[in-house]
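Presented below is the structure to which this report refers.
Chains as they are written, first to last, in the working numbering: chain F, 1 to 110; chain P, 111 to 219.
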């Protein structure tokens, strides 16, 4: 069966510091991968999606970037965090129509 | 513009009190409508996919239905463990899925 991992689970970072969040998927090959951000009490905002290694599509302009160095690995990065980057970050994959989500990373920028 | 609207934003029920959550959508070329359950501090858990008007899916106390304009998530005789945020999402063109803002459901014992 397929599983999706995210780490770290929680992160507290100062403004201006770099960021790296990692997502890996097991049990499937060539999945579509997604990064979402969820603000408190809000819906999910799609940040990036990838249909293959090195292929990244950005949905919203921001100071975040994404990379897919391996088939089942998706990384979300920033060179300098802003206070507005705080939120709950979710990675997801889909092989068919529905998406399956990881456990999420709670990021607090102080 | 593709849009998904969920109502109500929050719903408090007594244990055993049945009710429905609504998801209204306007998209061009619906490929699928999805329901998720999300517990606090966790990722959304997939519940159902509905593909065409008239389709219904059931899982324990939950039943999802779909029309051409909206979907309902019916909850029958809920228990406190059904308390969660329920998210609706639709997939239209290409690979983009649009999520609603969710309904926070609270079941009092």
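Beta carbons: idealized from backbone N, C-alpha and C, even for Gly. Keep in mind that this is a model prediction, so the values were computed, not measured.
- Contact of residue 37/F with chain P is not assigned, every C-beta pair being separated by 8 Å or more.
- Using a CB distance below 9 Å, the part of the segment 85-103 of chain F facing chain P consists of 88, 90, 91, 92, 94, 96, 97, 98, 99, 100, 101, 102 and 103, ordered along the chain.
- Contacts with chain P at 8 Å (Cβ-Cβ) do not include residue 33/F.
- A straight-line Cα-Cα distance of about 7 Å links residue 87/F and residue 108/F.
- Think of a sphere of 8 Å around the beta carbon of residue 182/P: no beta carbon from chain F falls inside it, the nearest being about 19 Å out.
- In the pairwise beta carbon analysis, the segment 183-198 of chain P is classified as touching the segment 121-131 of chain P: at least three pairs are separated by under 8 Å.
- Of all alpha-carbon atoms in 176/P, 169/P, 177/P and 111/P, the one lying nearest the alpha-carbon of residue 185/P is that of 169/P.
- Between residue 85/F and residue 1/F, the alpha-carbon positions lie close to 33 Å from each other.
- Chain P places no beta carbon closer than 8 Å to that of residue 47/F, leaving this residue out of the contacts.
- Sorting 91/F, 67/F and 77/F by C-alpha distance to the C-alpha of residue 99/F places 91/F at the top.
- With respect to chain F, the C-beta atom of residue 113/P has no partner C-beta closer than 8 Å.
- Judged by pairs of C-beta atoms under 8 Å, the segment 3-15 of chain F does not touch the segment 45-65 of chain F, as fewer than three such pairs exist.
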